[in-house]
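So the mapping is simple: the numbering used here equals the position in the sequence shown, first residue as 1, plus 5. Even for Gly, the Cβ is constructed at its ideal location relative to N, Cα and C.
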Amino acid sequence: MALGLGLAACQKGLAVGFTTAAALVNELHEARDEKRLLRLQRQLAGYKLLIVDELGYVPLSPTGAELLFETISQRYERGSIIVTSNLPFDEWTGVFGSERLTGALLDRLTHHVHILEMNGDSFRLKHSRRQSADDPLPTEAE
6 MALGLGLAAC QKGLAVGFTT AAALVNELHE ARDEKRLLRL QRQLAGYKLL
56 IVDELGYVPL SPTGAELLFE TISQRYERGS IIVTSNLPFD EWTGVFGSER
106 LTGALLDRLT HHVHILEMNG DSFRLKHSRR QSADDPLPTE AE
């Protein structure tokens, strides 16, 4: 869903950034360590839409959580952001490690928002099952 919205935005001529939460945090860490954080933040701010995929798959260090919060906070009411996660909001504190930081982040993310909650089988899992049914493994006799 997020990828489709991002592609539609690209087709409209908008600048779109797509990354996973873990990759973004790693990039922010590296930029900070290499004294180029402001340049990266300006680049991220230049996207009309920033898509941050897979938030919650990897817990964040305290510094990583702060850097991600700052990135999202800078976009607040200035640029669109799509965040995908397999976790409900009440479990995000485990990812960010701080109730205060999580609360402030959710406050920004959930203001002027559309929340799409997806339930059911994973698209990838469903696709794999369908592909397995179409292409059964050869038996030893074959």
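Report task. To the nearest angstrom, report how far apart GLY69 and VAL30 are at their CA atoms. Result -> In this structure, the CA atom of GLY69 is about 6 Å from the CA atom of VAL30.
Report task. Leaving out five residues on either side along the sequence, give the residues of the same chain with a beta carbon under 6 Å from the beta carbon of LEU42. Result -> So the list reads ALA36, once near-sequence residues are dropped.
**Report entry** CB of LEU73 within 8 Å of CB of GLY102, strictly
**Finding:** Judged by beta-carbon spacing, GLY102 lies beyond the 8 Å limit of LEU73, meaning their Cβ atoms are not closer than that value.
Query raised in the report: Across which residues does DSSP place LEU85 in a beta bridge pair?
Result: Leu is not the amino acid found at residue 85; the sequence shown has Ser there. Note: SER85 sits in a beta bridge opposite LEU54.
Query raised in the report: Which ranges would you report for the beta strand (DSSP E) in the stretch 10-51 if only whole runs of at least 3 residues count?
Result: As summarised for the stretch 10-51, the continuous beta strand (DSSP E) elements at least 3 residues long and confined to that stretch are 21-25, given in chain order.
**Report entry** the stretch 56-65 / the stretch 10-28 touching (three or more Cβ pairs under 8 Å)
**Finding:** Contact holds: three or more Cβ-Cβ distances are below 8 Å.
Query raised in the report: Closest by CA to ASN91, which one among VAL21, LEU8, ALA7, MET123?
Result: Nearest C-alpha to ASN91: MET123.
Requested in this report: List the whole-angstrom C-beta distance separating LEU45 from LEU33, where the pair is believed to meet the contact cut-off of C-beta under 8 Å.
Outcome: 7 Å between Cβ atoms; contact.
Query raised in the report: Can you list, in chain order, the residues of its chain whose CB lies under 6 Å from that of THR89, leaving out five sequence neighbours each side?
Result: Same-chain partners within the cutoff: ALA7, ASP58.
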